[in-house]
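Residue numbers (our numbering): 30 to 216.
The C-beta atom is built at its ideal place from N, Cα and C for all residues, glycine as well.
Data block below; observations after.
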Amino acid sequence: LRYQPREREDPAIPLPLGGVVEVVNLPLVVDIEKANALLRDPAVGGMAGYYVEMIRVEQDQVVAVLRTIADRCARPLWFHCTSGKDRTGTVTALLLGLLGATPEAIVADYACTVVDEAAVVAQVRRQGWCTSGLPQSHMRADAEHMDGFLTRICAEFGSIPGWASQAGLDDEHIARLRQELLAPNQA
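Below is the structure:
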């Protein structure tokens with residue numbers, strides 16, 4: 030789940046396992062400048078609002094990521110982003126919700142994310158991002174970010190499966206995720 034060229038070409042981000050694995054580059058945020066503006070817009074409502082806007086604005090990309098994961102989840106799979114909390118955290122929350130995890134479990138999983146703030150700031154600056162003006166909370170994986178995201182998803186779409194249905198993720202992909210990622214008695 031890498032961004033466009035700035036992130037993909039960063040020499041500090043080597044491709045995993047020296048090219049032995051299939052790398053699928055699906056930028057979850059296509060317009061970096063728009064994303065940057067959303068992060069700084071107080072009307073968006075912090076990180077929870079940013080996550081909602083990300084899945085709204087980049088709905089087709091998010092669905093493509095979920096389909097790609099469903100199509101490959103029978104094998105070991107690794108997906109990531111710069112800090113592992115925003116794009117990765119949002120996709121993970123959606124996956125867990127599609128698998129039937131409770132909102133409390135999703136929030137607890139997200140809150141386990143450890144973010145090395147200094148490393149993230151250095152990396153995004155190398156890629157040309159401006160970090161000045163961002164609230165310090167934007168650099169952390171606070172439980173309230175994910176809790177707010179899930180609350181907004183439920184208010185607007187009823188549930189994560191409700192969002193997925195509206196967004197165009199078909200039942201076949203959801204069934205494949207459940208079949209491959211849940212224990213047989215849970216699928």
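When the Cα of residue 189 is compared with those of 149, 130 and 152, which residue comes out closest?
130
For residue 128, which residues in the same chain have their Cβ closer than 7 Å to its Cβ, ignoring the five residues on either side in sequence?
206, 207, 210 and 211
Tell me the residue span of the alpha helix (DSSP H) that contains residue 125.
116 to 127
Return the chain-ordered ranges of every alpha helix (DSSP H) run that is complete within the segment 163 to 189 and spans a minimum of 4 residues.
172 to 186
Could you work out which residue in 114, 100, 126 and 138 is closest to residue 76 when comparing CA atoms only?
114
What's the gap between the Cα of residue 182 and the Cα of residue 155?
33 Å
Who are the near neighbours of residue 73 in its chain, counting only those whose CB is closer than 7 Å to its CB and skipping five residues on each side?
67, 79 and 82
Tell me whether residue 193 sits in a helix, a strand or coil according to DSSP, three-state version.
helix
Can the beta-carbon of residue 92 be found closer than 8 Å to that of residue 197?
Contact: yes.
Give every residue of the same chain whose Cβ lies closer than 7 Å to the Cβ of residue 167, excluding the five residues on either side of it in the sequence, and list them in chain order.
68 and 76
Considering only residues of the same chain and omitting the five flanking positions on each side of residue 64, which have a CB-CB separation below 6 Å?
58
Inspect the CB distances between the segment 170 to 178 and the segment 133 to 147 and report whether three or more fall short of 8 Å.
yes
Does DSSP put residue 106 in a helix, in a strand, or in coil?
coil
What residues in its chain sit with their C-beta under 7 Å from that of residue 213, if we drop five residues either side in the sequence?
none
Would residue 162 be called buried (16 or more neighbouring beta carbons within 10 Å of its own) or exposed?
By the 10 Å Cβ count, residue 162 comes out exposed.
Helix, strand or coil: which one does DSSP assign to residue 54?
coil
Along the chain, where does the alpha helix (DSSP H) containing residue 78 start, and where does it finish?
75 to 86 is the span of the alpha helix (DSSP H), which, as asked, contains residue 78.
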